[in-house]
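In the numbering used here, the protein residues as written are 1 to 408.
Just so it is clear, CB atoms sit at the ideal spot from N, CA and C, and this is done for glycine as well.
Quantities reported herein were computed from a predicted structural model and do not represent experimental measurements.
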């Protein structure tokens with residue numbers, strides 16, 4: 001039996017719904033982030049709880065022999081073959097459900113019988129963008145899965161102590177779970193490039209009408225290469241038109257960027273004005289679902305620590321269930337405002353504040369925030385020092401220990 005790595009932070013979120021037949025459990029996330037393994041882990045936990053194997057129906061619709069199941073009628077016939085002639089609750093796992101055109105009515109019909117606890121995953125932009133929810137009558141709960149956090153990366157690699165060498169590898173190759181299995185840099189690169197190729201070809205281009213492939217490629221290259229930088233769609237259009245000589249209108253840029261968001265390749269982090277207490281339209285930052293995407297799309301593998309560390313912190317926070325935005329305080333900017341359970345905290349990220357000038361620059365936004373909510377400065381400094389009530393933490397230790405940040 002294949003050993004499954006238990007991703008507890010997601011299992012904890014979904015366990016309360018294991019036996020709920022009224023809510024469809026939808027597991028979303030970028031291709032190859034570990035959704036299938038999570039579903040297999042859930043199925044195994046159910047069996048370990050004493051659920052008969054005959055009541056656990058697991059269908060991977062990308063698997064050999066099932067990849068030609070394309071209609072609801074074919075899928076229903078397959079499910080009926082697996083159902084024993086009894087009235088016990090069935091646990092139905094459908095992996096890569098997007099392969100079945102028009103599956104929504106069938107899934108709703110299963111739910112309405114009250115006999116099925118249903119779990120779905122998929123990798124196309126329709127399933128991941130939220131459009132599916134409108135066709136499932138609101139009876140669903142979504143669990144969003146990210147690629148491996150640093151703590152999970154250490155767990156899968158068997159590292160007991162991270163250290164900077166391991167952390168640099170994580171910053172370079174990212175956290176696609178399968179990449180961990182390959183020992184050489186070249187093997188990791190080939191695998192990650194193949195995953196990224198599948199994402200763009202299967203989850204974006206093949207399912208969307210993109211008339212100008214060259215323009216789309218230019219936009220996605222720009223966004224990927226400028227991750228974690230303040231970005232405005234109008235500025236992208238102007239850059240493409242005037243600097244690259246590739247005329248494009250803002251509406252087209254917006255559509256292409258939305259396609260990348262729908263496929264979970266990038267995440268938009270909105271800006272929030274702390275003075276007006278309003279979200280700011282237009283400007284925002286885009287973070288990569290995994291740093292391996294940048295690695296696979298660029299020949300220069302030298303790490304730019306500023307954006308890389310920001311990106312790692314962003315996905316770490318999102319994976320732990322925080323809502324995240326960029327904070328604007330007048331002319332200053334706080335890297336992240338995080339929210340959970342009606343509490344807030346402020347987070348600043350820097351490679352180091354050993355230089356007094358850098359220290360002042362990084363502390364200034366946090367000191368300008370006048371409320372008493374928790375404030376954090378995350379750096380790679382080995383001996384962080386607390387100052388003015390701001391908690392200065394070593395980022396590698398925080399990630400390795402998978403600690404939560406307190407909000408207030």
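Would the beta-carbon of residue 352 be found less than 7 Å away from any heavy atom of the ligand MN? Among the components modelled here there is no ligand, and therefore nothing to report on the ligand MN.
DSSP three-state label for residue 17, please. Reduced to three states, the DSSP call for residue 17 is helix.
In or out: residue 19 buried (at least 16 other Cβ within 10 Å) or exposed? When all chains shown are included, residue 19 counts as exposed.
Alpha-carbon spacing of residue 320 relative to residue 104, whole angstroms: If you take the alpha carbons of residue 320 and residue 104, they lie about 29 Å apart.
What are the complete beta strand (DSSP E) segments, minimum 3 residues, inside the segment 329-377? Runs of the beta strand (DSSP E) inside the segment 329-377: 332-340, 343-349.
Same chain only: Cβ atoms within 6 Å of residue 349, ignoring 5 sequence neighbours per side: Excluding sequence positions up to five before and after residue 349, its CB lies within less than 6 Å of the CB of 309, 310, 313, 335, 378, all in the same chain and listed in chain order.
Classify residue 88: buried if its beta carbon has 16 or more other beta carbons within 10 angstroms, exposed otherwise. That one is exposed.
Can you give me the C-alpha to C-alpha distance between residue 16 and residue 4, rounded to a whole angstrom? Spanning the two alpha carbons is a distance of roughly 20 Å.
Measuring straight from C-alpha to C-alpha, what distance separates residue 323 and residue 293? Each residue's Cα considered, the two are about 23 Å apart.
Are three or more beta carbon pairs between the segment 165-183 and the segment 145-155 nearer than 8 Å? Flag = yes, the segment 165-183 and the segment 145-155 touch.
Would you kindly check if the distance between the Cβ of residue 245 and the Cβ of residue 268 is under 8 Å? Against a cut-off of 8 Å, the Cβ pair of residue 245 and residue 268 comes out as no contact.
Could you tell me if residue 95 is buried or exposed, where buried requires 16 or more neighbouring beta carbons within 10 angstroms of its beta carbon? With 16 or more other Cβ atoms inside 10 Å of its own Cβ, residue 95 counts as buried.
Same chain, Cβ closer than 8 Å to residue 180, neighbours up to 5 away in sequence not counted: Excluding five sequence positions before and after residue 180, the CB atoms of its chain that fall closer than 8 Å to its own CB belong to 148, 153, 156, 157, given in chain order.
In the DSSP output, what is residue 117 paired with across the bridge? Residue 117 is bridged to 91.
Would you identify the three-state DSSP class for residue 140, choosing helix, strand or coil? In this structure, residue 140 counts as strand in the three-state DSSP scheme.
Top-ranked residue by Cα proximity to residue 403, from 317, 374, 36: Measuring from the Cα of residue 403, the nearest candidate turns out to be 317.
Residue ranges of each alpha helix (DSSP H) within the segment 19-63, 4 or longer: Every alpha helix (DSSP H) stretch that sits fully inside the segment 19-63 and reaches 4 residues is listed by chain position as 35-48.
Under three-state DSSP, which class holds residue 396? In this structure, DSSP gives residue 396 a helical state, which the three-state scheme calls helix.
Proximity winner among 168, 136, 36, relative to residue 107 (alpha-carbon distances): Closest by alpha carbon: 136.
Start and end residues, alpha helix (DSSP H) containing residue 236: Where residue 236 is concerned, the enclosing alpha helix (DSSP H) starts and stops at 233-238.
By the 10 Å Cβ neighbour count, where 16 or more other Cβ atoms means buried, how is residue 25 classified, buried or exposed? Looking at its Cβ environment, which holds 16 or more other Cβ atoms inside 10 Å, residue 25 is buried.
Could you give the distance in angstroms between the alpha-carbon of residue 253 and the alpha-carbon of residue 236? Rounded to whole angstroms, residue 253 to residue 236 spans 7 Å at the Cα level.
Three-state secondary structure (DSSP) at residue 1? The predicted position of residue 1 is uncertain, since its pLDDT is 45 and thus under 50; no value can be drawn from it.
Residues near residue 400 in its chain [Cβ-Cβ closer than 7 Å; skip 5 each side]: Residues of the same chain with a CB within less than 7 Å of the CB of residue 400, apart from the 5 flanking positions on each side, are 150, 151, 154, 162 in chain order.
Taking residue 407 as the reference, which of 391, 373, 33 has the closest Cα? Ranking the options by Cα distance to residue 407, first place goes to 373.
Leaving out five residues before and five after residue 367 in sequence, what residues of the same chain have Cβ atoms less than 8 Å from its Cβ? Setting aside the 5 residues that flank it on each side, residue 367 is surrounded in the same chain by 388, 390, each with a C-beta closer than 8 Å to its C-beta; the list follows chain order.
Going by DSSP in three states, residue 103 sits in which element: helix, strand or coil? Residue state, collapsed to three classes: coil.
Count the other C-beta atoms from every protein chain shown that fall within 10 angstroms of the C-beta of residue 97, then say buried if there are 16 or more, exposed otherwise. That one is buried.
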